[in-house]
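Undergrad: Encoded as structure tokens, here's the structure I'll be asking about.
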Amino acid sequence: MSVDDTSAIPSDFIRDIVAQHVAEHRYPKIVTRFPPEPNGYLHIGHARAILLNAGIARENHGHFNLRFDDTNPAKEEAHYVDAITADIKWLIAGWADEQLTFKPAGAVPMTQTIAGKTDFQVASLSAQSPGAEPFTASNYFDQLYDYALELIKHGKAYVCDLSPDDTEKYRGSPTEPGKDSPFRNRTVEENLDLFQRMRAGEYPNGARSLRAKIDMASPNMWLRDPLLYRIRHIAHHNTGHKWCIYPLYDYAHCLSDYLEGVTHSLCSLEFVVHRPLYDWVLDSLKLPRPLPHQYEFAKLIPTYTIMSKRNLLRLVQGKVVSGWDDPRMPTLAGMRRRGITANALRRFVIGTGITTYDGITDIAALEHVVRDELNQIAERRLAVLRPIKLVLTNLAAGETIACEAVNNPQSESPTKRSLHLTREIYIEQDDFAEVPPPKFFRLKPGGEVRLKYACIISLDKIVKDEVGNLVELHGTAQLDTRSGQPNSSKKVKGTIHWVSASEAMDAEVRLYDRMFTVPEPGAEADFLQALNPHSLETVIAKLEPSLAAATPGQLFQFERLGYFTPDARDSGHESRVFNRTITLRDTWAK
RNA sequence: UGCCUGGUGGUGUAAUGGUAGCACAGCAGACUCUGACUCUGCUUGUCUAGGUUCGAGUCCUAGCCGGGCAGCCA
Numbered sequence: 000m001s002v003d004d005t006s007a008i009p010s011d012f013i014r015d016i017v018a019q020h021v022a023e024h025r026y027p028k029i030v031t032r033f034p035p036e037p038n039g040y041l042h043i044g045h046a047r048a049i050l051l052n053a054g055i056a057r058e059n060h061g062h063f064n065l066r067f068d069d070t071n072p073a074k075e076e077a078h079y080v081d082a083i084t085a086d087i088k089w090l091i092a093g094w095a096d097e098q099l100t101f102k103p104a105g106a107v108p109m110t111q112t113i114a115g116k117t118d119f120q121v122a123s124l125s126a127q128s129p130g131a132e133p134f135t136a137s138n139y140f141d142q143l144y145d146y147a148l149e150l151i152k153h154g155k156a157y158v159c160d161l162s163p164d165d166t167e168k169y170r171g172s173p174t175e176p177g178k179d180s181p182f183r184n185r186t187v188e189e190n191l192d193l194f195q196r197m198r199a200g201e202y203p204n205g206a207r208s209l210r211a212k213i214d215m216a217s218p219n220m221w222l223r224d225p226l227l228y229r230i231r232h233i234a235h236h237n238t239g240h241k242w243c244i245y246p247l248y249d250y251a252h253c254l255s256d257y258l259e260g261v262t263h264s265l266c267s268l269e270f271v272v273h274r275p276l277y278d279w280v281l282d283s284l285k286l287p288r289p290l291p292h293q294y295e296f297a298k299l300i301p302t303y304t305i306m307s308k309r310n311l312l313r314l315v316q317g318k319v320v321s322g323w324d325d326p327r328m329p330t331l332a333g334m335r336r337r338g339i340t341a342n343a344l345r346r347f348v349i350g351t352g353i354t355t356y357d358g359i360t361d362i363a364a365l366e367h368v369v370r371d372e373l374n375q376i377a378e379r380r381l382a383v384l385r386p387i388k389l390v391l392t393n394l395a396a397g398e399t400i401a402c403e404a405v406n407n408p409q410s411e412s413p414t415k416r417s418l419h420l421t422r423e424i425y426i427e428q429d430d431f432a433e434v435p436p437p438k439f440f441r442l443k444p445g446g447e448v449r450l451k452y453a454c455i456i457s458l459d460k461i462v463k464d465e466v467g468n469l470v471e472l473h474g475t476a477q478l479d480t481r482s483g484q485p486n487s488s489k490k491v492k493g494t495i496h497w498v499s500a501s502e503a504m505d506a507e508v509r510l511y512d513r514m515f516t517v518p519e520p521g522a523e524a525d526f527l528q529a530l531n532p533h534s535l536e537t538v539i540a541k542l543e544p545s546l547a548a549a550t551p552g553q554l555f556q557f558e559r560l561g562y563f564t565p566d567a568r569d570s571g572h573e574s575r576v577f578n579r580t581i582t583l584r585d586t587w588a589k
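So that you can map any letter, position 220 of the first sequence is 219 in numbering that gives the first Met the number 0, and since no number is skipped, the others follow by simple counting.
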């Protein structure tokens, strides 16, 4: 199996639609977009949307725009912008970098004439170009405002003076039609005047709003004269104090798509009911270019995780985790720090497919690709997490026996390194049992076991203190069972890992596990009650000395234990910190 | 007693009127200087009822069950 298994992506209903549009030459170029709101970090659920959009661009020689959907300054913060941008670049690096598209710094929608009609479109360029910056909805506020004026002139929007409470009352309910706002039939002139005054800051928050004039009796709630603009006297992280009215999602999103030349606007299922509004806004403006269309697909929800940004924020603010990039978080930043590769994530996400019905994906599928990926690329090392000392009494103090260890047996041309067997070594507590359970293949009284890459040893003595606690083990090294020695082919049932006590390096190792104890923590009354108290366990481990040179980004397999990577935040020259990405599959278990 | 959507093994999906296949998980075994990897085998599925058809997971009708929709959030 190749490391990159995502090269051939099976089709799905959205790709089928795109393929048909390509065949019809409906659009000059396929343009998709990913429109995050800068109010949190990207998580694995977003990865599906990113990979779908980037993948479609990749397969159709198209573009994939990153656009921040920043129309609500009350909830958004600038620092999320950089983190989100970095996460996206990481996720698609080496896979769809070519398709990721930004705009020239400072570029705004430019006027052009199409078939005698004035049109607006924003320039774009490769995200890799100097000066390129992500698109933002806030960059279109001027244009959006002009379009709103246009709507008013066409009698398709009006200024409403109903309070938020009254607006809700007039809207009716899913089973009862709403009633018309008393302000619904203002003249175009009055609406224009009022809307301009809204913009000028003459009214307080919530005093008035701009509404689409559609149908208060529509069975679709989103067509009951939805709000287009609200008054918010609040600074925006991008536009500062320039505006005190801000467009709402349904109005800003479709037009942002249009201004960027987006052709296929892909979003999640809960927006299905918004689609008629998406189309209504665009149709009402009589725009000259081919219009984008919205298509919806199901979100990705893995088991044992929560996806809601609100709840993820609670974990961060409540200090349940160390931050958005805590290795237990389902965020892209957290998973990267944990040691999960972008390719593994891509394989997992793409493997789950695209459908129009909700489901819950077994996190085991992610764990499987992570192991498969890491098995192929991670260099092997020996490390002992919970040491017990073992003295090989037939070796002299200070004597070292060089052993060759393979760095990666999966490699086509494996390289090797040298380990030193010494009189005192550490082995894993789990690898010794004074009273062994049935089929225990490790070290036990009267038993033999192979030290990986070294030789077979036999256990001679168990040394305990006066209260009966285990102090150390004494054994004999059968040096003629080393590789290349006459007895090297001698078989024993078990092989265990070890490190030289005199050469070992101490390091903090963070053992991560699933963050929740139930498959669907999001469905619990209180997801915090389902937190796994053992999601992080820290040990001071004994590592083979070559690990002193490990740097963040390197991926290792500690043999028989799992996959580990230096922590990008806390591992430095003074102290080494390793994160456990995932354990090896363990069919022994207990 | 509204509107929109959708139902294929435990889970995620494929089959686009023609042998219900794949992956994960699970179980059993082989191999093994990682109880890993790899390999072999096995268990488990078309929501229900009618209809159309030589033939239905797929088309039609009815029902059942699920999800979404009443933010000046996105």
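Note that the Cβ used here is the ideal one computed from N, Cα and C, for glycine as well.
On the three-state DSSP scale, how would you describe residue 565?
TA: Sequence index remark: in the first sequence, residue 565 carries index 566 (1-based). Three-state result, residue 565: strand.
Undergrad: Going by DSSP, what residue range makes up the beta strand (DSSP E) through residue 267?
TA: Position 268 of the first sequence, counting from 1, holds the residue named residue 267. First-last of the beta strand (DSSP E) with residue 267: 263-267.
Undergrad: If I measure Cβ to Cβ from residue 289 and keep anything under 8 angstroms in the same chain, skipping five residues before and after, which residues do I get?
TA: By 1-based counting over the first sequence, the position of residue 289 is 290. Hits under 8 angstroms: 25, 26, 262.
Undergrad: Could I get the ranges of all uninterrupted alpha helix (DSSP H) runs contained in the stretch 359-391, with 4 residues as the minimum, in chain order?
TA: The stretch 359-391 contains, as complete alpha helix (DSSP H) runs of 4+ residues, the segments 362-376 (chain order).
Undergrad: Distance check for residue 561 and residue 349, CA to CA, integer angstroms please.
TA: Here residue 349 refers to the residue found at position 350 when the first sequence is read from its first residue. Here residue 561 refers to the residue found at position 562 when the first sequence is read from its first residue. Using only the alpha carbons, I get a separation of about 25 angstroms.
Undergrad: Using C-beta distances below 8 angstroms, list every residue in its chain close to residue 441, excluding the 5 sequence neighbours before and after it, in chain order.
TA: What you label residue 441 is simply residue 442 of the first sequence in a count that begins at 1. Here the set comprises 429, 430, 431, 432, 435, 448, 493, 495.
Undergrad: Which word fits residue 539, buried or exposed, when buried means at least 16 other C-beta atoms lie within 10 angstroms of its C-beta?
TA: By 1-based counting over the first sequence, the position of residue 539 is 540. Exposed, by the Cβ-count rule.
Undergrad: Just the Cα atoms here: how many angstroms apart are residue 60 and residue 16?
TA: Along the first sequence, read from residue 1 onward, the residue named residue 60 stands at position 61. Along the first sequence, read from residue 1 onward, the residue named residue 16 stands at position 17. Approximately 16 angstroms, taken between the alpha carbons.
Undergrad: Helix, strand or coil for residue 1 per DSSP?
TA: Counted from its first residue, the first sequence places residue 1 at position 2. With a pLDDT of 40 at residue 1, under the threshold of 50, the modelled position of this residue cannot be trusted; read the value that follows with caution. Residue 1: coil per DSSP, three-state reduction.
Undergrad: Between the alpha carbons of residue 208 and residue 215, how many angstroms are there, rounded?
TA: As a first step, residue 208 must be located in the first sequence, where it is residue number 209. As a first step, residue 215 must be located in the first sequence, where it is residue number 216. Separation of residue 208 and residue 215 (C-alpha to C-alpha, rounded to the nearest whole angstrom) is 16 angstroms.
Undergrad: Using a Cβ-Cβ cut-off of 8 angstroms (strictly less than) and excluding sequence neighbours within five positions of residue 112, which residues of its own chain qualify?
TA: Counted from its first residue, the first sequence places residue 112 at position 113. For residue 112, where only same-chain residues beyond five positions count, the Cβ hits under 8 angstroms are 118.
Undergrad: Quick one, which of 405, 391, 303 has its alpha-carbon nearest residue 361's?
TA: In the first sequence, the residue the question calls residue 361 occupies position 362. Taking only the C-alpha atoms, the option nearest residue 361 is 303.
Undergrad: Roughly how many whole angstroms lie between the Cα atoms of residue 325 and residue 516?
TA: As a working note, residue 325 is residue 326 in the first sequence. As a working note, residue 516 is residue 517 in the first sequence. Their Cα atoms are separated by approximately 18 angstroms.
Undergrad: Suppose contacts are defined by Cβ-Cβ distances below 8 angstroms. Is residue 238 in contact with residue 295 by that definition?
TA: To locate residue 238, count along the first sequence from 1; it is residue 239. To locate residue 295, count along the first sequence from 1; it is residue 296. Not closer than 8 angstroms, so no.
Undergrad: Quick one: is residue 55 buried, meaning 16 or more other Cβ sit within 10 Å of its Cβ, or exposed?
TA: As a first step, residue 55 is located in the first sequence; it is residue number 56 there, counting from the start. Label assigned to residue 55: buried.
Undergrad: Kindly provide the ranges of any beta strand (DSSP E) runs that are 3 or more residues long and lie completely inside the stretch 64-133, ordered along the chain.
TA: For the stretch 64-133, whole beta strand (DSSP E) runs of length 3 or above, ordered along the chain, are 99-103, 109-113, 116-120.
Undergrad: Confirm, please, whether the CB-CB distance from residue 553 to residue 544 is below 8 angstroms.
TA: Residue 544 sits at position 545 when you count from the first residue of the first sequence. Residue 553 sits at position 554 when you count from the first residue of the first sequence. Against a cut-off of 8 angstroms, the Cβ pair of residue 553 and residue 544 comes out as no contact.
Undergrad: Counting only the same chain and skipping the five closest in sequence on each side, list residues whose C-beta sits under 7 angstroms from that of residue 273.
TA: Within the first sequence, the letter at position 274 stands for residue 273. For residue 273, the CB contacts under 7 angstroms within the same chain, skipping 5 residues up- and downstream, are 221, 249 in chain order.
Undergrad: Which residue's Cα is closest to the Cα of residue 65: 269, 72, 41, 427?
TA: Translated into positions along the first sequence, residue 65 becomes position 66. Per the Cα distances, 41.
Undergrad: Compute the Euclidean distance between the alpha carbons of residue 577 and residue 536, then round it to the nearest angstrom.
TA: Here residue 577 refers to the residue found at position 578 when the first sequence is read from its first residue. Here residue 536 refers to the residue found at position 537 when the first sequence is read from its first residue. The alpha-carbon atoms of residue 577 and residue 536 are separated by roughly 12 angstroms.
Undergrad: Is the separation between the beta-carbon of residue 79 and that of residue 108 shorter than 8 angstroms?
TA: Locating residue 79 in the first sequence gives position 80, counting from the first residue. Locating residue 108 in the first sequence gives position 109, counting from the first residue. For residue 79 and residue 108, no; Cβs fall outside 8 angstroms.
Undergrad: Given a cut-off of 8 angstroms, decide if residue 519 and residue 359 are closer than it, judged by their beta-carbon atoms.
TA: Here residue 359 corresponds to residue number 360 of the first sequence, with the count starting at 1. Here residue 519 corresponds to residue number 520 of the first sequence, with the count starting at 1. Yes, the Cβ-Cβ distance between residue 359 and residue 519 is below 8 angstroms.
Undergrad: Take residue 102 as the anchor and find which of 277, 32, 411, 49 has the nearest alpha-carbon.
TA: On the first sequence, residue 102 is found 103 positions in, with the first residue counted as 1. If we check each option's Cα against that of residue 102, 32 comes out closest.
Undergrad: Taking one C-beta from the stretch 70-89 and one from the stretch 322-336 each time, how about it: are there three or more such pairs within less than 8 angstroms?
TA: yes
Undergrad: Residue range of the beta strand (DSSP E) that residue 504 falls in?
TA: Here the question's residue 504 lines up with position 505 in the first sequence. Here the beta strand (DSSP E) through residue 504 covers 504-511.
Undergrad: Within its chain, find whatever has a CB closer than 6 angstroms to the CB of residue 0; leave out the 5 residues flanking it on each side and keep chain order.
TA: Taking the first residue of the first sequence as position 1, residue 0 is located at position 1. Annotation note: pLDDT 36 at residue 0 (below 50); position unreliable, coordinate value reported separately. The beta carbon of residue 0 sits closer than 6 angstroms to none of the beta carbons in its chain outside the five residues before and after it.
Undergrad: Hey, out of 240, 285, 587, whose CA is closest to residue 137's CA?
TA: The residue labelled residue 137 in the question sits at position 138 within the first sequence. Comparing Cα-Cα distances from residue 137 to each of 240, 285, 587, the minimum goes to 240.
Undergrad: Which of the three DSSP states, helix, strand or coil, is assigned to residue 356?
TA: Stepping through the first sequence from its first residue, residue 356 is reached at position 357. Coil at residue 356, not helix or strand.
Undergrad: Have a look at residue 202 and residue 527 and give me their C-alpha separation to the nearest angstrom.
TA: Sequence index remark: in the first sequence, residue 202 carries index 203 (1-based). Sequence index remark: in the first sequence, residue 527 carries index 528 (1-based). One C-alpha to the other measures close to 42 angstroms.
Undergrad: Can residue 514 and residue 501 be called in contact, C-beta distance under 8 angstroms?
TA: Residue 514 sits at position 515 when you count from the first residue of the first sequence. Residue 501 sits at position 502 when you count from the first residue of the first sequence. The Cβ atoms of residue 514 and residue 501 lie no closer than 8 angstroms to each other.
Undergrad: Cα-Cα, which of 129, 194, 382 is closest to residue 425?
TA: As a working note, residue 425 is residue 426 in the first sequence. Nearest to residue 425 by C-alpha distance, out of 129, 194, 382, is 382.
Undergrad: Considering only the alpha carbon of each residue, which of 366, 541, 486 lies closest to residue 380?
TA: The residue you call residue 380 lines up with position 381 of the first sequence. Answer by Cα proximity: 541.
Undergrad: Does the contact criterion of 3 or more C-beta pairs under 8 angstroms hold for the stretch 308-318 versus the stretch 337-346?
TA: Result no; under three Cβ-Cβ pairs closer than 8 angstroms.
Undergrad: With a Cβ-Cβ cutoff of 8 angstroms, do residue 487 and residue 419 count as a contact?
TA: Position 488 of the first sequence, counted from the first residue, corresponds to residue 487. Position 420 of the first sequence, counted from the first residue, corresponds to residue 419. Cβ distance not < 8 angstroms, so residue 487 and residue 419 don't count as in contact.
Undergrad: Using a 10 Å radius around the Cβ and a threshold of 16 neighbouring Cβ atoms, would you call residue 2 buried or exposed?
TA: Taking the first sequence and counting its residues from 1, the one referred to as residue 2 is at position 3. For residue 2, the predicted model reports a pLDDT of 46, less than 50, meaning its position is unreliable; a value from the coordinates is still stated below. That one is exposed.
Undergrad: Helix, strand or coil: how does DSSP classify residue 283 here?
TA: Here residue 283 refers to the residue found at position 284 when the first sequence is read from its first residue. Helix at residue 283.
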